[in-house]
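The next block holds one structure in the form of structure tokens; read it before the comments.
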Amino acid sequence: MERLNFQAIEKKWQSSFEREKLYNKKSAKKFYCLEMFPYPSGKIHMGHVRNYTIGDVIARFKFLNGYNVLHPMGWDAFGLPAENAAKENNLHPKEWTKKNISEMKRQLKLMGLSIDWDLEVSTCDEKYYKHQQEIFIDFYNKGFVKRKENYVNWDPEEQTVLANEQVVNGRGWRSGAVVERKKLSQWFFDITRFSEDLLKGLDELKNWPEKVKIMQKNWIGKSTGCEIKFDIDRGNQKINIFTTRPDTIFGASFLAVSVDHPICKNFVNDQNYNKFKNECLKVGTTEEALANAEKIGFNTKLFATHPFIKGKKLPVYVANFILMDYGTGAIFGCPAHDQRDLDFAKKYNLEVKEVVSDNPSKPKNFDKLSEAYLGDGKMINSYFLNGLNVEQAKSKIIKEIEKLKIGEKKITFRLKDWGISRQRYWGCPIPMIHLEDGSIVPVDKSELPVKLPEDINLNQSGNPLEYHKNWKNTFHKKTGKPAIRETDTLDTFVDSSWYFLRFCSPEIKSEPFDVKKVNYWMPVDQYIGGIEHAILHLLYSRFFMRALKKNNSKIKIYEPFKGLFTQGMVCHETYKDKDGKWLKPSEVEKNSNGKFFKISDKTEVKVGPSESMSKSKKNVIDPESMIKSYGADAVRWFILSDSPPEKDIQWSNQGVNAAYKFLQKIYNLCNIVNKKSSKKDSLDKDFDLKINSYVNKITKSINNFNLNVVVANVYEIYNLFNDCLEKDISAKCLKFNLIKLMKILIPFTPHMSYECLEMLGEKDIKDWPQVDNSLILKEKIKMAIQINGRTRDIIEIEKDFDQITIENLCKKNNKIKDKILNKSIDKIIFVKNRIINLNFKIFSILFSTSKLLNIILAII
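Going by our numbering, the sequence shown opens with residue 44, and the numbers climb by one from there.
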């Protein structure tokens with residue numbers, strides 16, 4: 044058996060890939076393939092391997108099908124981890140990041156990716172963030188940027204602000220510290236201005252996973268409700284509340300307002316109120332944090348007048364679960380039909396009145412029930428709304444509210460402005476300066492980029508830029524007067540919200556991107572990345588595209604990503620020693636009895652469930668060690684073989700070893716066929732038909748991301764070739780079809796495929812094998828033919844025949860035609876690809892026969 048020296052051929056063909064630049068092709072058809080760019084943490088992991096292998100398959104496939112392919116790579120290089128690592132390693136973040144980029148780039152090249160490295164960008168490069176600062180100033184001048192004081196999620200460990208999406212279970216997504224609520228002056232992008240547009244745009248994204256679109260719809264959170272004015276029993280004060288359930292107003296038992304509601308100014312000197320307010324600050328600003336926190340309130344001793352129930356007074360509370368930036372910062376509480384309200388009412392002994400019932404004859408006893416009723420039903424205890432369903436009641440009460448001029452119908456969105464200020468050094472400086480008169484203005488564009496100072500002390504708490512006086516103190520170019528630089532840096536999600544545009548023309552110096560090239564390449568035809576970015580990155584990028592288009596009417600693109608594919612995780616078993624400490628897979632072995640033990644001391648190891656690979660649980664496999672042991676092609680082949688790419692895959696060394704052995708078999712097959720000779724020179728029609736059919740199937744499978752199905756098909760093709768080696772099939776026929784197989788394998792195993800094609804003497808290596816549609820083998824299925832529910836025959840037909848075609852076949856079928864001759868068919872039941880049932884009127888036939896007999900007797 045001929046052996047494939049993968050180390051030698053990978054080195055050979057990777058040099059060729061860089062030299063030849065196979066991805067450059069002059070074609071009117073463009074295809075922009077992009078995988079989400081990585082954070083340069085130091086080394087690639089198996090998640091990277093899967094993500095970039097999937098992307099490479101698509102990019103190479105499109106190139107072979109005649110497309111002009113853009114397949115770039117860059118680095119999402121700013122962020123707090125670099126600062127933390129720099130402190131630990133006594134190394135500047137810039138040097139640490141640069142070193143990591145160099146190492147990860149080297150590792151990615153080992154995979155044989157068809158990346159155009161000439162397009163490489165790094166977000167921490169001044170050439171990149173200069174243009175980002177320019178975009179920021181443009182957005183500011185357009186009114187898309189605002190500065191306001193607002194509560195933020197404060198990570199006390201990282202000493203920085205977190206977006207709502209960066210708070211997981213009440214903790215910082217990186218540090219794990221309990222998040223607090225803190226009021227700061229912050230910079231925001233006015234993403235809420237685009238709420239309706241972002242929502243409607245989702246309907247146009249036909250090639251996005253439905254689950255991602257649902258996640259974005261829920262995050263944008265469009266709500267139709269009502270704003271209602273409540274009179275307060277002190278002076279002429281009023282409280283405007285917003286509710287999505289105006290139908291439940293007759294069940295209202297209290298009002299609750301935010302600690303920042305204007306009415307709270309009455310209590311600034313109240314010791315109990317201030318104590319309560321401090322308690323509120325211990326909870327983050329996310330909905331999750333508010334939902335999980337104990338519901339507490341401050342009784343204002345104020346009362347609101349119920350607008351529909353004469354003489355009814357509702358106590359007014361300040362509550363920790365009400366935020367000022369949603370609705371009006373005030374609600375009415377209907378405990379029977381809202382869980383937060385019920386928890387609050389039970390704590391403070393407030394009335395709970397049922398007004399929506401699924402069984403009006405059997406009222407619920409909320410003295411005993413701990414869960415609010417959130418379902419549909421009929422209105423009860425609601426005066427003129429009684430008997431209506433929820434939607435009818437909403438419509439009627441809103442009309443009454445508007446008629447009385449005490450409120451109006453309103454639409455609100457859950458989406459909040461995007462807070463982009465971060466209190467850290469290693470980020471893009473915000474190009475704004477604070478003047479002596481208190482105003483804040485952009486720096487002059489001629490002064491861009493505002494560079495980060497290199498001589499920085501990272502060991503101070505808080506933001507190091509605050510303490511760098513030489514950098515912080517500057518002058519206003521227009522007036523020459525002293526000014527202070529903005530010391531906050533931009534959220535790293537800003538960096539990744541437009542990088543796909545920079546890839547279209549990274550060489551351009553005068554502006555962020557060449558609009559002509561953007562209009563040619565954009566949108567990204569296929570974007571590939573993890574589902575964890577469904578809300579943050581993808582939503583922000585969609586906002587950026589809209590804001591850029593508003594700023595420059597020459598941009599024709601509205602949505603940045605035409606197609607989206609979210610790949611699954613790479614998982615591995617977890618291991619713990621007898622002391623409960625995590626172990627790496629390389630520290631564990633399996634004995635002949637199937638038990639796992641620790642290599643160092645032979646003690647038994649506890650095997651945990653297979654989970655997503657993570658450094659914290661040490662269940663990681665080093666990609667480079669696998670590439671060195673089995674070759675890049677085998678690693679690529681296995682990572683695509685075991686599961687559909689959108690599902691999680693279980694990593695196993697046995698699996699990659701099996702992939703390696705299979706590729707050796709393919710290589711050996713090429714050697715055998717290449718050396719085979721025969722006098723026969725003709726092609727074999729049956730063999731050609733089968734290979735042609737496989738090419739057709741595989742082409743469709745790649746277009747549909749069924750990459751594991753392609754792998755299964757290739758195993759079948761290999762077996763087909765093996766069977767044919769012993770048959771009287773010409774060497775020419777085998778070689779002709781083996782070249783097709785190797786071209787099919789180029790996107791999956793490029794090194795071996797090009798090596799085998801070279802061995803087979805094939806010069807045309809830039810085209811996908813063409814499918815001859817006239818030779819496609821139709822898939823056969825078996826179908827039952829029934830008469831009045833009884834099976835009379837089973838026939839073999841081509842898949843997807845229509846009903847008329849099947850009926851005609853029945854009329855010609857020897858077992859069927861005599862049984863239906865001259866009979867009236869009453870009903871036909873047809874289930875495509877399964878069954879046809881012909882039903883006759885048995886009684887009408889009997890009636891016709893008896894009628895004919897009577898006529899004959901009458902004549903006699």
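Cβ coordinates follow ideal geometry from the N, Cα and C atoms, glycine included.
Three-state secondary structure assigned by DSSP to residue i
{"i": "residue 193", "result": "strand"}
{"i": "residue 592", "result": "helix"}
{"i": "residue 264", "result": "coil"}
{"i": "residue 615", "result": "strand"}
{"i": "residue 464", "result": "strand"}
{"i": "residue 101", "result": "helix"}
{"i": "residue 61", "result": "helix"}
{"i": "residue 159", "result": "coil"}
{"i": "residue 649", "result": "strand"}
{"i": "residue 848", "result": "helix"}
{"i": "residue 670", "result": "helix"}
{"i": "residue 562", "result": "helix"}
{"i": "residue 841", "result": "strand"}
{"i": "residue 227", "result": "strand"}
{"i": "residue 418", "result": "coil"}
Cβ shell of residue i (< 6 Å), same chain only, five flanking positions each side left out
{"i": "residue 332", "result": "213 and 326"}
{"i": "residue 541", "result": "587"}
{"i": "residue 197", "result": "223 and 225"}
{"i": "residue 794", "result": "52, 53, 56, 155 and 676"}
{"i": "residue 49", "result": "674"}
{"i": "residue 834", "result": "827"}
{"i": "residue 849", "result": "879"}
{"i": "residue 607", "result": "251 and 570"}
Beta-ladder partner(s) of residue i, from DSSP
{"i": "residue 111", "result": "73"}
{"i": "residue 451", "result": "270"}
{"i": "residue 485", "result": "475"}
{"i": "residue 221", "result": "214"}
{"i": "residue 373", "result": "300"}
{"i": "residue 526", "result": "478 and 517"}
{"i": "residue 880", "result": "829 and 872"}
{"i": "residue 928", "result": "For the chain, the structure presents residues 44 to 903; residue 928 sits outside this window and is missing."}
{"i": "residue 341", "result": "361"}
For residue i, the nearest candidate out of the options (CA to CA)
{"i": "residue 681", "options": "287, 648, 755 and 119", "result": "755"}
{"i": "residue 108", "options": "835, 872, 809 and 857", "result": "809"}
{"i": "residue 458", "options": "241, 150, 168 and 70", "result": "241"}
{"i": "residue 571", "options": "764, 689, 283 and 782", "result": "689"}
{"i": "residue 161", "options": "299, 658, 702 and 546", "result": "546"}
{"i": "residue 453", "options": "630, 838, 147 and 272", "result": "272"}
{"i": "residue 831", "options": "867, 841 and 847", "result": "867"}
{"i": "residue 112", "options": "463, 450, 420 and 157", "result": "157"}
{"i": "residue 436", "options": "421, 592 and 450", "result": "421"}
Short Cβ contact (8 Å threshold) for residue i with residue j
{"i": "residue 590", "j": "residue 60", "result": "no"}
{"i": "residue 686", "j": "residue 611", "result": "yes"}
{"i": "residue 490", "j": "residue 448", "result": "no"}
{"i": "residue 102", "j": "residue 114", "result": "yes"}
{"i": "residue 582", "j": "residue 56", "result": "no"}
{"i": "residue 580", "j": "residue 536", "result": "yes"}
{"i": "residue 373", "j": "residue 409", "result": "no"}
{"i": "residue 799", "j": "residue 828", "result": "no"}
{"i": "residue 440", "j": "residue 428", "result": "yes"}
{"i": "residue 291", "j": "residue 398", "result": "yes"}
{"i": "residue 294", "j": "residue 356", "result": "no"}
{"i": "residue 195", "j": "residue 227", "result": "yes"}
Same chain, Cβ closer than 7 Å to residue i, neighbours up to 5 away in sequence not counted
{"i": "residue 507", "result": "468, 499, 500 and 501"}
{"i": "residue 46", "result": "707"}
{"i": "residue 474", "result": "176, 179, 180, 485, 486, 491 and 493"}
{"i": "residue 626", "result": "618, 619, 620, 641, 648 and 661"}
{"i": "residue 152", "result": "57"}
{"i": "residue 526", "result": "476, 477, 478, 517, 518 and 519"}
{"i": "residue 169", "result": "492 and 494"}
{"i": "residue 132", "result": "139"}
Contact with chain B by residue i, beta-carbon distance below 8 Å
{"i": "residue 527", "result": "Absent from the structure: chain B. Only one protein chain is present."}
Distance cut-off 7 Å: residue i Cβ against heavy atoms of the ligand NAP
{"i": "residue 502", "result": "Among the ligands in the structure shown, none appear at all, so the ligand NAP cannot be discussed."}
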